[in-house]
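I have placed the structure first, in the form of structure tokens, so that the comments after it can refer back to it.
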Amino acid sequence: MLYRRFGKTNEMVSALGFGCMRLPLLPGGDPSKIDEKEAIKLIRYAIDKGVNYIDTAYPYHGTGMGKGGESEPLVAKALKDGYREKVKIATKLPSWLIKTREDMDRYLNEQLERLQIKTIDFYLVHSLNRTVWESVKKSGISEFLDQAIKDGRIKHAGFSFHEKHEYFNEIVDYYDWSFCQIQYNYLDEDFQAGLEGLKYAAKKDLGIAIMEPLRGGKLAGKLPDDVQNIFDQAEVKRTPAEWALRWVWNHPEVSVVLSGMNTMEQLIENLKVAGEAKEDSLTKQEETIVNQVKTAFKQKTKVNCTGCNYCMPCPAGVNIPSCFNFYNNYHIFGKEEMYKRLTVEQRASSCAECGKCETHCPQGILIQQELKNVKAVFE
Numbered sequence: 077m078l079y080r081r082f083g084k085t086n087e088m089v090s091a092l093g094f095g096c097m098r099l100p101l102l103p104g105g106d107p108s109k110i111d112e113k114e115a116i117k118l119i120r121y122a123i124d125k126g127v128n129y130i131d132t133a134y135p136y137h138g139t140g141m142g143k144g145g146e147s148e149p150l151v152a153k154a155l156k157d158g159y160r161e162k163v164k165i166a167t168k169l170p171s172w173l174i175k176t177r178e179d180m181d182r183y184l185n186e187q188l189e190r191l192q193i194k195t196i197d198f199y200l201v202h203s204l205n206r207t208v209w210e211s212v213k214k215s216g217i218s219e220f221l222d223q224a225i226k227d228g229r230i231k232h233a234g235f236s237f238h239e240k241h242e243y244f245n246e247i248v249d250y251y252d253w254s255f256c257q258i259q260y261n262y263l264d265e266d267f268q269a270g271l272e273g274l275k276y277a278a279k280k281d282l283g284i285a286i287m288e289p290l291r292g293g294k295l296a297g298k299l300p301d302d303v304q305n306i307f308d309q310a311e312v313k314r315t316p317a318e319w320a321l322r323w324v325w326n327h328p329e330v331s332v333v334l335s336g337m338n339t340m341e342q343l344i345e346n347l348k349v350a351g352e353a354k355e356d357s358l359t360k361q362e363e364t365i366v367n368q369v370k371t372a373f374k375q376k377t378k379v380n381c382t383g384c385n386y387c388m389p390c391p392a393g394v395n396i397p398s399c400f401n402f403y404n405n406y407h408i409f410g411k412e413e414m415y416k417r418l419t420v421e422q423r424a425s426s427c428a429e430c431g432k433c434e435t436h437c438p439q440g441i442l443i444q445q446e447l448k449n450v451k452a453v454f455e
């Protein structure tokens, strides 16, 4: 395992972090029903192989964004038997639920109990966008973070970002953050914080954690033939996942890359790459190849959905991520048969246009309009 300095925290973190948003599930696919035995096995295996950064959040593996999910309690179980002392825990304040200064303390204290710890190593203000940011500022986020650091409940304060780039620098400059978490992969170099934000945060000596390096797994599976043919031109043969991860790790500004690994096969592959992928290690030819792949992908993808499930549950019952996944697959791979497996309630035509999903979407997708596009293709 390779390790990198986590900005001004001066902590050394593993290049690969274990993201606990997409843990293995029990049969049935209910996101709140984690396969605990398999999830704990994966997390402990990763730690045994050198991973020391475990990332979770209050809503992960829940039934919605309004209450705590099952990820934090699962992490607590996985880190028993001496594993807590081997890692740094990152979790997140559910910023969209904050109405008062007291709410911040209440959620933090609840999370400490759920994780069964006294101190959270890396505490993030979760999923900041313009609206949420204005709200937590008015509620006293600076004073809260200062106090939580002072009394030892958290060690380092950071934030995760889901908004247009122009708001990123404003948030970075507002508080003496130690680190941040941004979405970054070879398809999202100009999306949200993007490359400009990456470099700005590094200039401020913030530790930088990367989420969605594989874009919800879409950059790791079977690629369209014309895209795969571009990768095949390289002298060194790699899997799609390895190409995507190496591209992110090639950036010296990146501290840790979070991957939501839910099979042993994924974990072993990611660990192997994490032990080899150094900064500035891609050749000029390899960088050119990735740029060609990026262009080919962008010509095919219709909806910029990563499958994070923040839009769920839909009050009308629409399975929004699945609708977009099938829609993109239709345009990328020419496949459409899976859409027919959705129930009538889960299909795009059941959208009641309440708009609730759009207030939670970190990608800023115009979900209501895109669902109409899905309906036009499949229904």
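Position one of the sequence shown corresponds to residue 77 (my numbering), numbered consecutively onward.
Virtual Cβ for every residue (Gly too), placed ideally from N, Cα, C.
Per DSSP, the unbroken alpha helix (DSSP H) holding D222 starts and ends at 217-226. Runs of beta strand (DSSP E) with 3 or more residues, each lying fully within the region 197-277, are found at 230-237, 255-259, listed in chain order.
Pairing E363 with Y260, the inter-Cα distance amounts to about 16 Å. Between P438 and S203, the gap from beta carbon to beta carbon is short of 8 Å. The DSSP assignment places complete alpha helix (DSSP H) segments of no fewer than 4 residues inside the region 288-322 at 301-307, in order along the chain. Taking Y183 as the centre and dropping the five residues before and after it, the same chain places the C-beta of Y134, L169, P170, L173, I174 closer than 8 Å to its C-beta, in chain order. Counting along the chain, I165 sits inside the beta strand (DSSP E) bounded by residues 164-169. In terms of Cβ geometry, I286 and V333 form a close pair [threshold 8 Å]. Pairing T195 with I230 gives a Cβ-Cβ distance under 8 Å.
Taking the Cβ atoms as the reference, V369 lies roughly 16 Å from N404, outside the contact range of under 8 Å. Counting only residues of its own chain and dropping the five nearest sequence neighbours on each side, I116 has a CB closer than 8 Å to the CB of L150, K153, A154. When only Cα atoms are considered, A353 and G234 end up about 26 Å apart.
L418 carries a coil assignment under DSSP once its states are collapsed to helix, strand and coil. Residue range 112-124 is occupied by the alpha helix (DSSP H) that includes R120. In the DSSP assignment, V89 falls within the unbroken beta strand (DSSP E) covering 88-90. At a Cβ-Cβ threshold of 8 Å, Q268 and K240 count as neighbours. In summary, L442 is exposed, with fewer than 16 beta-carbon neighbours lying within 10 Å of its beta-carbon over all protein chains present. The shortest C-alpha to C-alpha distance from M388 to any of Q422, S90, L358 is the one to Q422. For S335, the pairing in a beta bridge is given by DSSP as F94. Residues of the same chain with a CB within less than 8 Å of the CB of E345, apart from the 5 flanking positions on each side, are T315, A317, E318 in chain order.
In this model, T339 and G140 are separated by some 24 Å (Cα to Cα).
Secondary-structure assignment with DSSP links L347 through no beta bridge to anything. Rounded to the nearest angstrom, the gap between the Cα atoms of I365 and E355 is 18 Å. According to the DSSP secondary-structure assignment, R81 is paired through a beta bridge with M88. In the DSSP assignment, I130 falls within the beta strand (DSSP E) that extends over 129-131.
Taken atom to atom, the span from the alpha-carbon of I396 to that of A224 is near 37 Å. When secondary structure is reduced to three states using DSSP, A428 falls in the coil class, being assigned neither helix nor strand. DSSP places D179 in the uninterrupted alpha helix (DSSP H) bounded by 177-191.
Shown here for V453: same chain residues with a beta carbon closer than 7 Å to its own, the five before and five after excluded, namely Y403, Y406 in chain order. I396 carries a helical assignment under DSSP once its states are collapsed to helix, strand and coil. Three or more Cβ pairs drawn from the region 93-101 and the region 125-132 lie within less than 8 Å of each other, which places the two stretches in contact.
With fewer than 16 neighbouring CB atoms inside 10 Å of its own CB, R81 falls in the exposed class. Cβ neighbours of L271 within its own chain (closer than 7 Å, five residues either side excluded): E265.
Membership of Q445 in the alpha helix (DSSP H) is indicated by the continuous run 443-454. Apart from sequence neighbours up to five positions away, the residues of its chain that approach N245 with a beta-carbon distance below 8 Å are G273, Y276, ordered along the chain.
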